[in-house]
Each structure stands twice: as C-alpha cells, then as structure tokens.
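Peer 1:
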Amino acid sequence: MPRAIPSRVSRAAVAGAAMAGALAVSLPAPHAYAAESLVVNGDFEQVAADGGIVGWPQSENRDSGRATVIDGAGPDGSRALALDLGSAADKAAVGQDIPVADNTGLQAYRISFDERAVGLSGYGGDLWARGFGHDALVGRISGTTGWRKANAVVLARPGTKAVNLLLALEQSTGRMLIDNVRVEHIDGNAVGANVQPTGAVQLSWYFAAVGGTPASYQVHRSTRADFTPGSKTLIREVPDAWTAEDGSARPGSRYTYKVVALAADGSTLGTTAPETVTTPSVFLDEQRIDVLTATEDREGARLAWRLKAGSKAPLTVYAGGSEVADGKLHKARKVGTFHATTGGVTLSDSACGGATGFAVTGKDGKVLATASLAGLQHPRMGVTDSKLADVRSAIQQDGAPRSTYNGLVSRVAKGLPAYNYRPGEAQASWAQDAALLYQVSQDPAYAQTAYDALIESGRTMPFVNGTAYAGAAALETANAAAPLAAAYDWAYPAWTPEQRTEAQKVLQRVAAYLEVSYHPNFDLPVKQSNWTAVVRGGELALRLAVRGDGPFDLQEYRIPQLIDAMGRHLDTAYSETGWDQEGLDYFSYGLGVGGPGVTGSIDSGIGALKAKWQRPGFASLLLHSSSLQPDKARLQWGVGTTTGALPLPGLIFTQVPADQQAAWLWQYEKSGGGGGAYELLNYPYGVTPQDPDEAPAAVRQALLDDHGGSYLFRNRYQDKDDVLVGAQNRNDNHIGWGGFDTFALSLVSHDVTWAQQPAKNYAKRELFSKPLIDGFPEKRSTDSIAGKGQTLESRGYPGQGGGFVSFDSRLNYEVTKARRDLAVDMRPAVGADSVVAVHDSFADSASHTYAWQLAPEAGTAITFGEEESGARTFLFKKGDSWLKGWVLSPEGAELSTEKGAFKVSRTGKDADFRIVLAVGRGTPPTATASGGELTLGATTYDLDNLRDFDPSR
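The sequence shown begins at 412 in my numbering and counts up one residue at a time.
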C-alpha cells in the first residue's frame, strides 16, 4: 500500500557538522553605539504645517496612492502612518535614509515597527530596506489584522553611506497602518525573525563578538520562550551563513528562535538572544502552477505534488508508462485518491510496478500535473550518455562542435583571467566549463579544477562578506548559482566523499541566502522582470542539482515555488513570438542564468515547465533580429544595444520547433556560434543546416506581435547585406526594463545600422530613431515610458519578409492623434534592396514641435535638402552603402541634423510625415513623386493609403 508522507518537512542538518576554516567569514566587532533608534519621526507624531510627514522626504506615491498621518490610529492611540491604495496598478510609499556613521566595516542593524492591515487585498504592504548590500523585505502584511510587530536584522556592507527605508504598498488595494519604526545598531548577538504572510519565517543573524571563527550556525526553534537549544529544537544548520528560511512553521503558532554559532570542531562559540514571533492564523498560498515530482528512492518512488492555490480535493494519482507523463491516461492505473492539495506519497517497488510516468488529476478528472520518474545519480541535468557519445564523435572532425570544445579547453587552461565576471560568478563559470570537460574527456584533472574553482567561488562570493553591490546581492549570488549547480552535478562522480561534502557546504550557503533574498522585481506577483529568471531560475538549478544529497532533502517545499515563479515568468515575460520588452541583452542575461533551471526541471522529469518552455518562438525571434554583419548588429527594442552575439544558442537548441531547427543551425554557424558549454551539449547532432531562405514560411515571413507591439521584417539570410527592419509600438508595459519604443524604428542593412535606439542612454535624444514631441520620446507630461499603444492592423506580405502595420499611440504620446501606417516592401526595386514607407500623423489641441528622427551609427555621412520631383531627399552613406529618403509634401517641414541624427521637424497643432526609405549599395535610385505618392521603378507607394498597398500586384 502507498505510504502517505507530508511533503512540508525540512531535514535538520546533523548537529556538530564542521566546516573548513577557509570558508569561514569573521565579522568585525561593531562600534559601541547606544541602542537608540536612528529613524527620524518613526512614531509619526511630527507633521508639517502643509501636512507633510517630517523626516520622510522620499515619496513614491503614484495616482491613487496616499500616505497620510492619522490621529489616534496607532496601537496606543497615538498618531500612525496610513498608506492607502485604490488601485493595484498604483503605489503608495514614503521613505528616508538612515546614515551609517562608520562605514569602514560591516555594520548590523535591527529594523522593527508596528503594523496593521485593514482590508488589504493582493500582495500587501511592507518595509523595503534597500541600498546597503542586500535588500530585505520586512513585515509584509495583507488581509485584515490587529497590530503586530515586524522585525529583521540586516547587514550594511563596508562603504555603505545609508540604509534606505521605504514603507510601501503596491500590487494591492486597501490600507496599511504603520507606527513606531525603529532602526537600532546591534551591539550583541542577535537574530531577526521576519514572518511572511505565506508562513515562511525569514531569519537573519549577527554575532558581534565570539571567541573564535564560526564554521556553521544552528537554527533552533521552540514554542517555549525560555528554551535551551538542543537536538530537539534544532531545525536546520547552515555553514558560515547569516540567513536562512524556516519553511516548516505552522499557522497560528508562537515561536521563539535562537541561533548558535559553532566552531569547526563543533564547540559552541555563542548564542543569540531569543526572538519570538507569531505566524499568521491562515497562510497565504501564492502558488499558481500545478507541480508534480517523481523521484526514485531506496523504497521505490517518491511522488510529491503542490497544486495551485484554490484547488479542491480530492485528487487522484495515476501511474503507467511514459505516455502518462504526457497526460495520456488511457493505459494508466490508479495509485490512490488523496485529500491534500499539497502532499506526497512513497510507493514501494511493488506498488510502483515499474511505472515511469505519473499524473495528478483534479476532482473533475482533468490532468493537472505530470512527471517522469527521475533518478538522483549524477550527472542528472544536461548531460546524458547519448549526448556525450555525440560530442566525443563530433570533436574528432572539423566543425562548430570541435571549435566550441577547443575553445572550452583553451579557456579552462587560461584559468580565472579568461572569465571576465564578478567574484564568485567567475570561479563558478570556470568550474562549470571544467566539469563539462571532465564529462567529455573523463580526465580527473578537470574534475579537480572544477572542485577548486567551486570552493573559491564560495569563498569570494560578495554576499558572504557583505561586499555585494548595493541592491544587487540577489543577482550577484544567482549569477553564480546556475554554473555552480552544473559544476557540482557534472564533476560529482569524480570527487571524493570529502570533496562532495565541502562542495555541498558552498551550495548550502548560496541556497540559504537566495531563499530569503528580496527585490520587488521578482517578489511581486508580476514575474516578467529578468530578476525572476536570474534569481529564481538560478536557485532552481541549484536545488535540482543537490536534492537528496548530503544535508539536502528532496526540496519538495522549495522547488514547486521556484517552478511556479519561472512558469509565470515564461508565461508573461515572453509573447508567442518570443519577444520581451527588455530587449536582447536582458533576454540573453535572464534566460542565460535561469534557462538551465528550466531545462534542468525537464531533465528531472518535472512536466510543469515543458510546454511553457516550448511555447515562445525564441529561434524565430533571433532569426529575424540578428544580422550576419561582422559587428553582429541587430534590431533594437527595450534597452537592447546595437550589437551583440547570438543570444543563448545552446538553450534555444532545446526548444526550437523541428521545422525550424535546420534554419536555426544555419544561422548559428554563419554567425560564428556561441562557444559555451550548452552549445556543445545541445548541438543538434545529425541535423544538416538549411539555408533559411529555403526554409518553411515561418522562418521567412514577417514576425508580427500584436500583444507587445513588435514587428520584425527580414529580406533574406545570407550575409552582411541582409536587410532587417524592426517597428515597435509599445502596446504593453510591465515591471522590468523597457524602452521608449512607441513608433520606434530599427533598420540594419549593408553592414550599417541606419536607425538605432539609445538602449539605456535615454538622456541622449540624438540616439532615438522615432518621432519626438517637444523633445520627449513618449509621454510629454513626464519623461517616462508608456504602454498603452494599440495595433490597428498587422499582416505579412506573401512571398517575402515584409508587411504592413498600423498603430494608434495617442495615449503613449499624450496627444489627441498619433497614427502610424508603415509598409515594408522587401522586393528589390531599381537598385534598392528594400523599401520602407511610413506615414505618421499627429494632432493635438495645443501646438507642439514634432521631430521625425533617424539616428544612424557613428561615421555615417548625412546630406539633405535636394528636391526630386517635388519631394525633398536625404541621403545617408557609409562606404558604398546608402539609405535614401524622400519627404513627400515637404511644405512647412524643416530638415536638419543634430549630434549625428537627422530630423524632419514640423510645428503646429497637427503634423504629417510622409517618408519613404530605401537601402542598397552602389548608386541610389531616383524616384518620381506626386502629392502623397512616390514611384520607384514600377512600384508606386501611396502614403495616404498604405493599407491597400499590395506588392503582389
């Protein structure tokens, strides 16, 4: 019979476990400050005559957000701060800086305050402590509650000038009351217990002075306030860390925590003062994705599930062959019916009956989650016997795999100088590459290199010694997590038991930090930001690599949370076309770190992310946007830069559709490849590259994305003379980086970038290729990014890569009319390789200066002003490459250049721009114009009716 076991059980580490002194960090004794609050007006009793809140000068209130002081609202009848929010899209927040008196060394502070929620729905409110080395979320609260105390211990890195406190309410509606905000310098041994609405208790601690160097810390918990730490109160042990999460707390419980510092020999060096907290009576369930895991164990198979919040029992578990893991239950047998939507069951070998596929169904019989049985032997992610056989065969002959392999060999041999990353991340990347070379060559020297680099990564990682860049500790740590996971997984078979134990200590410390790390870009309910991919994806890869090893349990509590975050990220950050608003640099960064966690979950038999990973058309996106120019020029949107290597080819190989795989391989090899570990592992051995110009229509036709408002066009896939055009409209806007993309144009051809965007250099207006109104790239009320554009129509032209789009962006530009009709014709015509015809029309109740601007790459010669059949022309030249433009109906327009950008300007209550662009090499063509029509050769472009342009006629 199946034996049911609750899944939310954490394994206590073995008491007295030692850690090598090389990994220890000795924290300096603090300066002797008085235990007084450093907050100005933390009790909110001081209010300025104009109603301003004395001492809290920072305001991030937005729209319906309000921050006011209310008489009699405090826990003792005194004044209290009220944050009110009427819409979840708005924000209410105030803040102040707490100066650090002496920042020559690491400093520790306790943050505490009283809080109360009143009809607070959604994410809730909190205090965001930021800007000091690692961000902390303190006192997150939601629902309707009485007054309660929130507190945390934070460490300020050396050099920190101030700790910033931001009391914030966002992604919510309702009211949060706050009073008695205190920040106290710590002059003793202390632990902070930060209770979350989810029931997790985030712990952080500091030891001011101990009689030796701590090698590890034991976390103890009891329902008794006066308890003595012992084996019965130990809930976990972490080596030389200062954070950890208690994920085993129960609802409505009052707990007291103590942390004990241990020396390498297991002796006690010190114990913190007790910290007592009460958990919420009902835990907030934020799970949105159903997750099932199936893992081989000594008894047979361990199944564990967590269903999304609101799921109703009973649920039924089925077992069978591989088809069951695909959701096909016609041959499946029923394992059992269960009444917990979060739980697990262990099947004996006889009960498992050789099953390899499992599924969970809801009460209506619908399949909710699937899994394939996965073992825990190493390597378990990315590397298989068949892949290794393919690699070993391929590197014996000329080609991209051999070049990639030789590049890895050279890089590993050069050592750390070859890895230009931050401390910790550089060593982790070195370790990953060496570990892969061990798997391919079976040379134990590579495994030793991987071990040494992994240990050094743990020693130098910034978060360990408090030197992480302010606010970015989570990113810096997660950047190393994924390569550390791969290095551990791939080199594990060659290591001694002692080496495995020491490596596990490094990964324990990383995991202990990541589980309590915070930034709104990944903690808020919206998960689109690259922060989610990096921090949650990096941690997911790590936990998949170590689960079941040494001090690590099967991670049944944490892994579903991380899969949920990554699943929601994949669902919301990337459209069907693969586009995301941040641009190709952050696309490459986010999934470069987070992607191995996604693919690792699939390798681990977890089905939750498989379809989500396959959905976005990443390969098609990159085919349309990455040129074959020597400088690797590419189309821009978001904050993407003008040039860059083909992003993530090794990971894209795992999800490109079968009918596009050969074309993607062609592009990969023509562009010089990527040269990384995953390119070698995931290269499609046995596939013959196919010229994309002979590939299926999905590769050649225009890429149209009405959701984000992104449209990519390409005439061919051959060489540096290929023409690539990008048109953006900013139809959506979400958390994370974004660009001023409304009516933005990106144009690359003939080894020149003719129309660029500024990436993050927003202040350099001369880098925009788009219309500006009164000098603003979008909203005229503020220099901020809008996302309220609308695509009226979009379609591709049959038989070529061009197409037509029509945009309405009056809300982005904040005028009564902002309309763009744009036709991209990618047929050669009288010396031009492609033509772009655009009609932009603006109107408003007030007069404005409208500047239609193109910003070519540096060194481009620009001439303008000649008349040609009634049109005025402009010409960009670089070498024998050219872009020629015609301004139709030019009366009242001023043509000019400024700081390397070309402008067509009009002033008034309305403005129309009818402009045709053509690109090519050699001699530019001559056109004839008549009113709003331009004729090139046999083709006429009617700028007042581009919608009806049909290149097939």
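The beta carbon of each residue, even a glycine, is placed where N, CA and C say it ideally should be.
1) For N941, name the three-state secondary structure that DSSP assigns.
2) In whole angstroms, what is the alpha-carbon distance linking G535 and V1004?
3) Which class does R717 belong to by DSSP, given the choice of helix, strand or coil?
4) At which residues does the beta strand (DSSP E) containing M792 begin and terminate?
5) Apart from the five residues on each side of it in sequence, which residues of its chain come closer than 7 Å, Cβ to Cβ, to P1060?
6) Please report the straight-line C-alpha distance between G948 and K1023, rounded to a whole angstrom.
7) What residue from G1018, N1140, A484, G497 has the CA that sits closest to A1229's CA?
8) Can you name the start and end residues of the alpha helix (DSSP H) that N591 belongs to?
9) Would you mind listing the beta strand (DSSP E) stretches within the stretch 1200 to 1248 that are 3+ residues and don't spill past its ends, in chain order?
10) Smallest Cα separation from V746: which of A1113, S733, T772?
11) Looking at the secondary structure, which residues open and close the beta strand (DSSP E) in which N605 lies?
12) Tell me the DSSP secondary structure of A443 in three-state form.
13) What residue range is occupied by the uninterrupted beta strand (DSSP E) comprising A1056?
14) What would DSSP say about W901, mapped onto helix, strand or coil?
15) Could you please give the first and the last residue of the uninterrupted beta strand (DSSP E) stretch that includes Q1139?
16) List the whole-angstrom C-beta distance separating Y929 from D546, where the pair is believed to meet the contact cut-off of C-beta under 8 Å.
17) If you run the structure through DSSP and keep just helix, strand and coil, what is K774?
18) Okay, do the stretch 716 to 732 and the stretch 681 to 694 touch, 3+ Cβ pairs below 8 Å being the bar?
19) If you count every other CB in all the chains shown that lies within 10 Å of the CB of V465, and 16 or more means buried, which is it?
20) Give the single residue among A1340, V1298, F1360, D1255 whose Cα lies nearest to the Cα of T1318.
21) Return helix, strand or coil for E1309, following the three-state DSSP convention.
22) Run the CB neighbour count on S710, radius 10 Å, all protein chains shown included, and call it buried at 16 or more, exposed below.
23) Starting from D508 and walking both ways along the beta strand (DSSP E), at which residues does that stretch end?
24) Whole angstroms is fine: what's the gap from D1152's alpha carbon to H750's?
25) Look at the alpha carbon of Q1201 and the alpha carbon of S1121, and state the distance between them as a whole number of angstroms.
26) Whole-angstrom Cβ separation of W1148 and L1294, contact assumed at under 8 Å?
27) If distances are taken between C-alpha atoms only, which option among H1259, K719, D1116, N1093 comes closest to D801?
28) Measure the alpha-carbon distance for D1116 versus T988 and round it to whole angstroms.
29) In chain order, what are the residue ranges of uninterrupted beta strand (DSSP E) at least 3 long that sit wholly in the stretch 652 to 690?
30) Work out the CA separation of T584 and A528 for me, nearest whole Å.
31) Helix, strand or coil for E471, going by three-state DSSP, please let me know.
32) Considering only C-alpha positions, which residue in the set Q1167, Q1264, A1240, L1123 is nearest to G1212?
33) Is it buried or exposed for H631, if we count other Cβ within 10 angstroms and need 16 for buried?
34) Whose CA, out of D844, T1065, A1074, lies closest to the CA of Y862?
35) Report the three-state DSSP secondary structure of M430 (helix, strand or coil).
36) According to DSSP, simplified to helix, strand and coil, what is L1286?
Peer 2: Reading off the structure:
1) As a working note, residue 941 is residue 530 in the sequence shown. In the structure shown, N941 sits in a helix (DSSP, three-state: H, G or I).
2) As a first step, residue 535 is located in the sequence shown; it is residue number 124 there, counting from the start. As a first step, residue 1004 is located in the sequence shown; it is residue number 593 there, counting from the start. Cα-Cα distance, rounded: 29 Å.
3) As a working mapping, residue 717 is identified with position 306 in the sequence shown. Strand at R717.
4) Within the sequence shown, numbered from 1, the residue matching residue 792 stands at position 381. Boundaries for M792: no beta strand (DSSP E) harbours it, and the DSSP string shows neither H nor E there.
5) Numbered from its first residue, the sequence shown carries residue 1060 at position 649. Cβ within range, chain order: Y1079, G1084, G1085, E1090.
6) Taking the sequence shown and counting its residues from 1, the one referred to as residue 948 is at position 537. Taking the sequence shown and counting its residues from 1, the one referred to as residue 1023 is at position 612. Distance between the alpha carbons of G948 and K1023 is about 14 Å.
7) Counted from its first residue, the sequence shown places residue 1229 at position 818. Closest option to A1229, Cα to Cα, is N1140.
8) Here the question's residue 591 lines up with position 180 in the sequence shown. Looking at the DSSP string, N591 is not in any alpha helix (DSSP H); the run it does join, the beta strand (DSSP E), is 583 to 596.
9) 1201 to 1207, 1214 to 1219, 1228 to 1236
10) Here the question's residue 746 lines up with position 335 in the sequence shown. It is T772.
11) Here residue 605 corresponds to residue number 194 of the sequence shown, with the count starting at 1. Segment 601 to 606, the beta strand (DSSP E) holding N605.
12) In the sequence shown, the residue the question calls residue 443 occupies position 32. Here the model assigns A443 a pLDDT of 33, short of 50, so the residue's position is not dependable, and the following value carries that caveat. In this structure, A443 counts as coil in the three-state DSSP scheme.
13) Residue numbering aside, residue 1056 sits at position 645 when the sequence shown is read from its first letter. Where A1056 is concerned, there is no enclosing beta strand (DSSP E), given that its DSSP letter is neither H nor E.
14) The count along the sequence shown starts at 1 and reaches residue 901 at position 490. W901 sits in a helix when the DSSP states are folded into three classes.
15) The residue given as residue 1139 occupies position 728 in the sequence shown. Taken as a continuous stretch (DSSP letters only), the beta strand (DSSP E) holding Q1139 covers 1135 to 1139.
16) Within the sequence shown, the letter at position 518 stands for residue 929. Within the sequence shown, the letter at position 135 stands for residue 546. Confirmed, about 5 Å.
17) Mapped onto the sequence shown, residue 774 falls at position 363. In the structure shown, K774 sits in coil (DSSP, three-state: anything other than H, G, I, E or B).
18) Contact fails: fewer than three Cβ-Cβ distances are below 8 Å.
19) For the purposes of this step, residue 465 is identified with residue 54 of the sequence shown, where counting begins at 1. With fewer than 16 Cβ atoms within 10 Å of its Cβ, V465 is classed as exposed.
20) Residue mapping note: residue 1318 aligns to position 907 of the sequence shown, counting from 1. If we check each option's Cα against that of T1318, D1255 comes out closest.
21) What you label residue 1309 is simply residue 898 of the sequence shown in a count that begins at 1. Looking at E1309 - three-state DSSP - the assignment turns out to be strand.
22) Sequence index remark: in the sequence shown, residue 710 carries index 299 (1-based). Per the sequence shown, residue 710 should be read as Glu rather than Ser. By the neighbour-count rule (16 or more Cβ atoms within 10 Å), E710 is not buried but exposed.
23) Indexing the sequence shown from 1 puts residue 508 at position 97. Unbroken beta strand (DSSP E) run through D508: 502 to 510.
24) To locate residue 1152, count along the sequence shown from 1; it is residue 741. To locate residue 750, count along the sequence shown from 1; it is residue 339. For D1152 and H750, the distance between alpha carbons rounds to 50 Å.
25) Sequence index remark: in the sequence shown, residue 1201 carries index 790 (1-based). Sequence index remark: in the sequence shown, residue 1121 carries index 710 (1-based). About 11 Å.
26) In the sequence shown, counting from the first residue as 1, residue 1148 sits at position 737. In the sequence shown, counting from the first residue as 1, residue 1294 sits at position 883. That pair is no contact at about 29 Å.
27) Residue 801 sits at position 390 when you count from the first residue of the sequence shown. The shortest Cα separation from D801 among H1259, K719, D1116, N1093 belongs to N1093.
28) Residue 1116 sits at position 705 when you count from the first residue of the sequence shown. Residue 988 sits at position 577 when you count from the first residue of the sequence shown. In a straight line, the C-alpha of D1116 is about 7 Å away from that of T988.
29) Every beta strand (DSSP E) stretch that sits fully inside the stretch 652 to 690 and reaches 3 residues is listed by chain position as 654 to 657, 665 to 673, 679 to 682, 686 to 689.
30) Residue mapping note: residue 528 aligns to position 117 of the sequence shown, counting from 1. Residue mapping note: residue 584 aligns to position 173 of the sequence shown, counting from 1. Rounded to the nearest angstrom, the two C-alpha atoms are 11 Å apart.
31) Against the sequence shown, residue 471 aligns to sequence position 60. Coil at E471, not helix or strand.
32) Reading the sequence shown from its first residue, position 801 is the one you call residue 1212. Answer by Cα proximity: L1123.
33) The residue you call residue 631 lines up with position 220 of the sequence shown. Label assigned to H631: buried.
34) By one-based count along the sequence shown, residue 862 stands at place 451. With distances taken between Cα atoms, Y862 lies closest to D844.
35) Mapped onto the sequence shown, residue 430 falls at position 19. Model confidence at M430 stands at a pLDDT of 30, short of 50, so the residue's coordinates are unreliable and nothing is read from them.
36) As a working mapping, residue 1286 is identified with position 875 in the sequence shown. Reduced to three states, the DSSP call for L1286 is strand.
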